[in-house]
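**Student:** So the sequences go chain by chain: A and B. Residue numbering for the first sequence follows my numbering, starting at 1 and increasing by one per position. Residue numbering for the second sequence follows my numbering, starting at 310 and increasing by one per position. Beta carbons: idealized from backbone N, C-alpha and C, even for Gly. All of these numbers come straight from a predicted model, not from anything done at the bench. Before I ask anything, here is the structure I am working with.
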Amino acid sequence: MIWYIGRRLLQMIPVFLGATLIVYLMAFYTSGDPILALAGDKPISPAVEQQLREQYNLDQPVLVQWLLYLRSVLTFDLGVGFNGRPIWDQIAAAFPTTMRLAIIAVVVETIFGVVAGVISGLRKGKLIDTTLLMLSLLLIATPTFVLGFLAQFVFGLQLGISPINVGRDPSWVNLMLPGFVLGGVSFAYVLRLTRTSIAETASADHVRTATAKGLSRGGVVGKHILRNSLIPVVTFIGADLGALMGGAIVTERVFNIPGIGTLLFSSITAGEAPMIVSLVTLLVIIFLLSNLVVDLLYGLLDPRIRYAK
Amino acid sequence: MPSDAPATRRPRSEHWVAPLEETPLQAVDAADTTSTPRSLWGDALHNLVRNPVFLISALLILFVLFVAAFPSVFTSQDPRYGDLSIANQPPGPDHPFGTSRQGYDIMARTFWGARTSVVIGFFAMLGSTLIGGVMGALAGYIGGWFDEVISRVTDIFFAVPLILGAIVVSTRLGEMNLWTVIAVLSVFGWTNVARIMRGSVISTKSQDFVVSSTALGASRISVLLKHVVPNAIAPVIVTATVNLGVFIVAEATLSFLGVGLPTSSVSWGGDISAARDALRTQPSMLFYPSLALAVTVLSFIMLGDAVRDALDPKARKR
Numbered sequence: 001m002i003w004y005i006g007r008r009l010l011q012m013i014p015v016f017l018g019a020t021l022i023v024y025l026m027a028f029y030t031s032g033d034p035i036l037a038l039a040g041d042k043p044i045s046p047a048v049e050q051q052l053r054e055q056y057n058l059d060q061p062v063l064v065q066w067l068l069y070l071r072s073v074l075t076f077d078l079g080v081g082f083n084g085r086p087i088w089d090q091i092a093a094a095f096p097t098t099m100r101l102a103i104i105a106v107v108v109e110t111i112f113g114v115v116a117g118v119i120s121g122l123r124k125g126k127l128i129d130t131t132l133l134m135l136s137l138l139l140i141a142t143p144t145f146v147l148g149f150l151a152q153f154v155f156g157l158q159l160g161i162s163p164i165n166v167g168r169d170p171s172w173v174n175l176m177l178p179g180f181v182l183g184g185v186s187f188a189y190v191l192r193l194t195r196t197s198i199a200e201t202a203s204a205d206h207v208r209t210a211t212a213k214g215l216s217r218g219g220v221v222g223k224h225i226l227r228n229s230l231i232p233v234v235t236f237i238g239a240d241l242g243a244l245m246g247g248a249i250v251t252e253r254v255f256n257i258p259g260i261g262t263l264l265f266s267s268i269t270a271g272e273a274p275m276i277v278s279l280v281t282l283l284v285i286i287f288l289l290s291n292l293v294v295d296l297l298y299g300l301l302d303p304r305i306r307y308a309k
Numbered sequence: 310m311p312s313d314a315p316a317t318r319r320p321r322s323e324h325w326v327a328p329l330e331e332t333p334l335q336a337v338d339a340a341d342t343t344s345t346p347r348s349l350w351g352d353a354l355h356n357l358v359r360n361p362v363f364l365i366s367a368l369l370i371l372f373v374l375f376v377a378a379f380p381s382v383f384t385s386q387d388p389r390y391g392d393l394s395i396a397n398q399p400p401g402p403d404h405p406f407g408t409s410r411q412g413y414d415i416m417a418r419t420f421w422g423a424r425t426s427v428v429i430g431f432f433a434m435l436g437s438t439l440i441g442g443v444m445g446a447l448a449g450y451i452g453g454w455f456d457e458v459i460s461r462v463t464d465i466f467f468a469v470p471l472i473l474g475a476i477v478v479s480t481r482l483g484e485m486n487l488w489t490v491i492a493v494l495s496v497f498g499w500t501n502v503a504r505i506m507r508g509s510v511i512s513t514k515s516q517d518f519v520v521s522s523t524a525l526g527a528s529r530i531s532v533l534l535k536h537v538v539p540n541a542i543a544p545v546i547v548t549a550t551v552n553l554g555v556f557i558v559a560e561a562t563l564s565f566l567g568v569g570l571p572t573s574s575v576s577w578g579g580d581i582s583a584a585r586d587a588l589r590t591q592p593s594m595l596f597y598p599s600l601a602l603a604v605t606v607l608s609f610i611m612l613g614d615a616v617r618d619a620l621d622p623k624a625r626k627r
């Protein structure tokens, strides 16, 4: 087990290095000089330009710049953005909101997705199963921003039970609707995964034995079907956490929520290269860690899986 | 056996032999030994044409393709002609879906928008499948350190979500057009194809017919192209079909974020995001392009589902 974790952590290192390098190059170098882009149409004095270049290590060769950046990440000293505000403070201010949003989305997709998936899987081929399957397909086919607009239209304008724009320091209640929207697509995937898994387990030998020896239907479903069929679902939900942080860009923009997604998007449009790199690095770290946790959970949930040394 | 059941009474004393028509061997005699059994693809096709999901999605896709090719069949209005004097009209005889805030005919915009989405979805699918297919096939076939390197590169791109990478690059590229959007989506969207191709090639290359053709002296490249890839491509085709829908969604999302196609182009994503400011006054601006987008993406996802079921005999209902 220890060996396995160690090997996985080692494998993460090249991925982490490569992803940050790509993002660094994309943010700083895809179109010309970032400092000249920062200055815009106004001429910039050579002294200011020189000072900015030194501050952001842009006078160094590219690879050295990237290594210096990595050092600043590893020492949690992210410095200040082009706009003069400390990067770490801005991230710390925006992070809790996005975390709340992601938690709501995960809870929504887990509870509703598993319940609907169990119903669907146990009644495979029946009307309710077909209905839920069609609903899940519709949700997958509808882009998140369209879902967000529709939710704003129905729940905000027609029913008036939820604010259209969330604004500063949002409460859990105000984040409910955006959370549902963010979790919508994943809900559909959880439903489909649970359904397939339940339907497969329901025809397994041990389930037939349990039914034959006279266990109640509830007992069979709870003890023998559910427990054995939730493994792929748990792994999906874990891996989804990283994806949700990225999906927050769209949801937060639809509902005007001041979280990580909004911060990232405004940094991208403003050409705030230092901030972009820091945020994307954060997202990549969350993504990699949640995938590692999923891999480890897999072994805990299913004793048949043994990790190779 | 109940006494009245058999229609022909069997004489008890003699040794009785059933007539040939009643023996189970009849099925063996009836089996056609002259024709070859159906191939994987023939079998898949045989199942597909009996699958209502496939028929519905194929019809929808044909319809969307027809609209994309000949939008003027469905609407006589010019999608780029905005007349402010007729802006924000509700659906009526002249404009069946109403008009937008700029006085565009929403019906014309919805039908002409199909072309943008279909072209971007198709070529991004093609581009990403080419990149991912080549990477995955080489990694799986060659193996060793080469596989390690390609797999890590795939992991790196996999860790940067499609939309995120596309936004960062799009903003820096400046004004986007059809082809730059396709390029950006292909560059960030090939990873799942590569992973599936690699896995499929690895499981195919150890099969007997591949081993034997290598043993017979066929060159590595011809074994890869003639035997491995054709037999490993099925799951990739499924993924590519679903990806087509994913790319259409991604294009619309980029347009919504304002980093995709310029607002002067006719695209569902752009139109839906313009509808945001008119939620109160003109909901049909939101409704029709959204419906068109959802139906198009839905039909590609359903097609992918149906093809996967048809190609995977194990998943089929017994």
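If LEU297 of chain A and VAL221 of chain A are in contact, beta carbons under 8 Å, what's the gap, nearest whole angstrom?
**Tutor:** That pair is no contact at about 23 Å.
**Student:** Specify, as a first and last residue, the run of the alpha helix (DSSP H) that THR269 of chain A falls within.
**Tutor:** Where THR269 of chain A is concerned, the enclosing alpha helix (DSSP H) stretches over 260–270.
**Student:** Return helix, strand or coil for ASP414 of chain B, following the three-state DSSP convention.
**Tutor:** Three-state result, ASP414 of chain B: strand.
**Student:** Classify GLN90 of chain A: buried if its beta carbon has 16 or more other beta carbons within 10 angstroms, exposed otherwise.
**Tutor:** Buried, by the Cβ-count rule.
**Student:** Determine contact between the region 102–112 of chain A and the region 529–537 of chain B, defined as no fewer than three beta-carbon pairs at a distance below 8 Å.
**Tutor:** Segments in contact, no.
**Student:** Which of helix, strand or coil does DSSP assign to VAL443 of chain B?
**Tutor:** Helix at VAL443 of chain B.
**Student:** By the DSSP assignment, the alpha helix (DSSP H) with LYS514 of chain B in it spans what residues?
**Tutor:** Its alpha helix (DSSP H) spans residues 500–514.
**Student:** SER599 of chain B touches chain A at which residues, Cβ-Cβ below 8 Å?
**Tutor:** Residues of chain A passing the Cβ test: THR142, VAL146, PHE149, LEU150.
**Student:** Assign ASN360 of chain B to one of three DSSP states: helix, strand, or coil.
**Tutor:** Correct three-state label for ASN360 of chain B: coil.
**Student:** Would the beta-carbon of ALA367 of chain B fall within 8 Å of that of LEU612 of chain B?
**Tutor:** In this structure, LEU612 of chain B lies closer than 8 Å to ALA367 of chain B by Cβ.
**Student:** Would you say ILE22 of chain A reaches chain B, if we count a Cβ-Cβ gap shorter than 8 Å as a contact?
**Tutor:** Yes, ILE22 of chain A counts as interfacial toward chain B.
**Student:** For LEU620 of chain B, which of B:THR548, B:ALA492, B:PHE556 has the nearest alpha-carbon?
**Tutor:** Measuring from the Cα of LEU620 of chain B, the nearest candidate turns out to be B:THR548.
**Student:** Compute the beta-carbon to beta-carbon distance between PHE265 of chain A and VAL166 of chain A, rounded to the nearest angstrom, for a pair I have assumed lies under 8 Å.
**Tutor:** The Cβ separation is near 15 Å, so there is no contact.
**Student:** Using DSSP with H/G/I as helix, E/B as strand and the rest coil, what is PRO86 of chain A?
**Tutor:** Strand, per DSSP.
**Student:** Would you tell me roughly how many angstroms separate the C-alpha atoms of PRO258 of chain A and GLY271 of chain A, rounded to the nearest one?
**Tutor:** Roughly 18 Å separates the two Cα atoms.
**Student:** For the alpha helix (DSSP H) that contains ILE472 of chain B, what are its first and last residues?
**Tutor:** Its alpha helix (DSSP H) spans residues 471–482.
**Student:** Between the alpha carbons of ALA396 of chain B and ARG418 of chain B, how many angstroms are there, rounded?
**Tutor:** Going by the C-alpha atoms only, they are around 14 Å apart.
**Student:** Identify the continuous alpha helix (DSSP H) that holds HIS206 of chain A and give its terminal residues.
**Tutor:** From DSSP, the alpha helix (DSSP H) with HIS206 of chain A extends over 205–212.
**Student:** For THR75 of chain A, count the other beta carbons within 10 Å of its own beta carbon; 16 or more makes it buried, fewer makes it exposed. Which is it?
**Tutor:** Burial call: exposed.
**Student:** Start and end of the alpha helix (DSSP H) containing MET1 of chain A?
**Tutor:** First-last for MET1 of chain A: undefined, no H or E at that position.
**Student:** Taking a Cβ distance cut-off of 7 Å, strictly less, list which residues of the region 563–577 of chain B are near chain A, in chain order.
**Tutor:** So the close ones are PHE565, LEU566.
**Student:** What does the alpha-carbon distance come out to for the pair GLY449 of chain B and LEU177 of chain A?
**Tutor:** Straight-line Cα distance between these residues: approximately 44 Å.
**Student:** Between the Cα of PHE180 of chain A and the Cα atoms of A:GLU252, A:THR201, A:ASP129, A:LYS126, which residue gives the shortest distance?
**Tutor:** The option with the nearest alpha carbon to PHE180 of chain A is A:GLU252.
**Student:** Are the Cβ atoms of VAL23 of chain A and VAL250 of chain A separated by less than 8 Å?
**Tutor:** No, the Cβ-Cβ distance between VAL23 of chain A and VAL250 of chain A is not below 8 Å.
**Student:** Keeping to the same chain, check which residues put their C-beta closer than 6 Å to that of PRO361 of chain B; ignore five residues upstream and five downstream.
**Tutor:** Nothing listed; no residue qualifies.
**Student:** Could you tell me which residues DSSP pairs with VAL80 of chain A in its beta bridges?
**Tutor:** Note: VAL80 of chain A sits in a beta bridge opposite A:PRO86.
**Student:** Whose CA, out of B:GLY422, B:PHE467, B:VAL538, lies closest to the CA of ARG561 of chain B?
**Tutor:** It is worth fixing the name first, because residue 561 of chain B is Ala in this sequence and not Arg. Here the closest residue by C-alpha is B:GLY422.
**Student:** In this structure, how does DSSP classify GLN201 of chain A when only helix, strand and coil are distinguished?
**Tutor:** The displayed chain sequence assigns Thr, not Gln, to residue 201 of chain A. Here THR201 of chain A sits in helix by DSSP.
**Student:** Quick check: the Cα distance between LEU191 of chain A and LEU182 of chain A, rounded to an integer number of angstroms?
**Tutor:** Going by the C-alpha atoms only, they are around 15 Å apart.
**Student:** ILE429 of chain B and VAL490 of chain B look like a contact to me (Cβ under 8 Å); what is the Cβ gap, rounded to whole Å?
**Tutor:** Rounded, the Cβ-Cβ distance is 6 Å, consistent with contact.
**Student:** Under a three-way DSSP split, which group does THR668 of chain B fall into?
**Tutor:** The structure shown does not extend to residue 668 of chain B, since chain B is modelled only from 310 to 627, so the question has no answer here.
**Student:** Are the CB atoms of TYR56 of chain A and PRO274 of chain A within a distance shorter than 8 Å?
**Tutor:** Yes, these two residues count as a Cβ contact at 8 Å.
**Student:** Is the Cβ of GLY121 of chain A closer than 8 Å to any Cβ of chain B?
**Tutor:** Chain B, which has no Cβ nearer than 8 Å to the Cβ of GLY121 of chain A, makes this no.
**Student:** If you measure from the beta carbon of LEU602 of chain B to each beta carbon in chain A, is any gap under 8 Å?
**Tutor:** It does: the Cβ of LEU602 of chain B has a partner Cβ on chain A nearer than 8 Å.
**Student:** Can you list, in chain order, the residues of its chain with a C-beta nearer than 8 Å to that of SER216 of chain A? Leave out the 5 residues immediately preceding and following it.
**Tutor:** Cβ within range, chain order: n/a, list empty.
**Student:** Going along chain A, which residues have a C-beta under 7 Å from LEU607 of chain B?
**Tutor:** LEU137, LEU138, ALA141, listed in chain order.
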